[in-house]
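Numbering (my numbering), first residue to last: 39 to 273. Glycine included, every Cβ here is placed at the ideal spot set by N, Cα and C. All remarks here apply to the structure that follows.
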């Protein structure tokens, strides 16, 4: 069985078991029927709290591993082997130590929804209504039921309305861009070539499981939102 056919079957299986929390695209053709509450400040607080928590987590890990290293290599329930402790300590102190910890908190999850996407669904916002989900019968995807299962809600942040999928693409795929770019640079590629490799992966993802194969949409808007996350993580 070729790769394309295998991917198609995986996507069909995933969609057939989908829940309303999947988020690939947003129906922006149909506007909210009521004025949305602006949740910009609440979302900003969420990211700030997670960033502070990620920094604290990394600092605790560094403190623990430093004590382990000073222990003369003695192993106990809290300490890994000396070689593992050295590797983990270098990772925690590395350029992407905090970035990785933050990603695990806000960008990690499954192909269909990130932890932040789930937070958008579950959090009780002060501003109300906090989001708008187009009814199936009114959606432009009415004749493509699988899309309705993967639609993300529309939200309003700082007077701008957009789908939560844009934030999820920024967090999840942006991190993948960063990892690809970092690996290419480690292999001796130029920054321009590394960026090109990451961008090629993004285009492939839109042609397959994040786009055409799942929702039937190839979104340049999604691609445009991914590179800034790569740049943010890099900085």
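**Message:** Restricting to runs no shorter than 4 residues, where is the alpha helix (DSSP H) found entirely within the stretch 145 to 171?
**Reply:** 153 to 160
**Message:** With a threshold of 7 Å on Cβ separation, who are the neighbours of residue 279 within its own chain once the five nearest residues in sequence on each side are excluded?
**Reply:** The requested residue 279 is not part of the displayed model; the chain covers only 39 to 273.
**Prompt:** Per the contact definition of three or more C-beta pairs closer than 8 Å, is the stretch 64 to 82 in contact with the stretch 97 to 112?
**Reply:** no
**Request:** Tell me residue 201's beta-bridge partners as DSSP assigns them.
**Result:** Sequence index remark: in the chain shown, residue 201 carries index 163 (1-based). Answer is 192, bridged to residue 201.
**Request:** Would you give the residue range spanned by the alpha helix (DSSP H) that residue 105 belongs to?
**Result:** The sequence position of residue 105 within the chain shown is 67, counting from 1. Note, residue 105: alpha helix (DSSP H), 78 to 108.
**Request:** May I ask you to report which of helix, strand or coil DSSP gives residue 179?
**Result:** Within the chain shown, numbered from 1, the residue matching residue 179 stands at position 141. If DSSP states are grouped into helix, strand and coil, residue 179 belongs with coil.
**Asked** Mapping DSSP to helix, strand and coil, what is residue 130?
**Response** As a first step, residue 130 is located in the chain shown; it is residue number 92 there, counting from the start. Residue 130 falls in the helix class under three-state DSSP.
**Asked** By how many angstroms is the C-alpha of residue 179 removed from the C-alpha of residue 220?
**Response** Walking along the chain shown from the start, residue 220 turns up at place 182. Walking along the chain shown from the start, residue 179 turns up at place 141. Whole-angstrom Cα-Cα distance: 38 Å.
**Alpha-carbon to alpha-carbon, residue 147 and residue 240** = For this step, residue 240 is matched to residue 202 along the chain shown. For this step, residue 147 is matched to residue 109 along the chain shown. About 18 Å.
**Asked** Is residue 77 closer than 7 Å to residue 168 when the C-beta atoms are compared?
**Response** Translated into positions along the chain shown, residue 168 becomes position 130. Translated into positions along the chain shown, residue 77 becomes position 39. Contact: yes.
**Asked** Going by C-alpha distance, which of 217, 79 and 103 is nearest residue 120?
**Response** The count along the chain shown starts at 1 and reaches residue 120 at position 82. The option with the nearest alpha carbon to residue 120 is 103.
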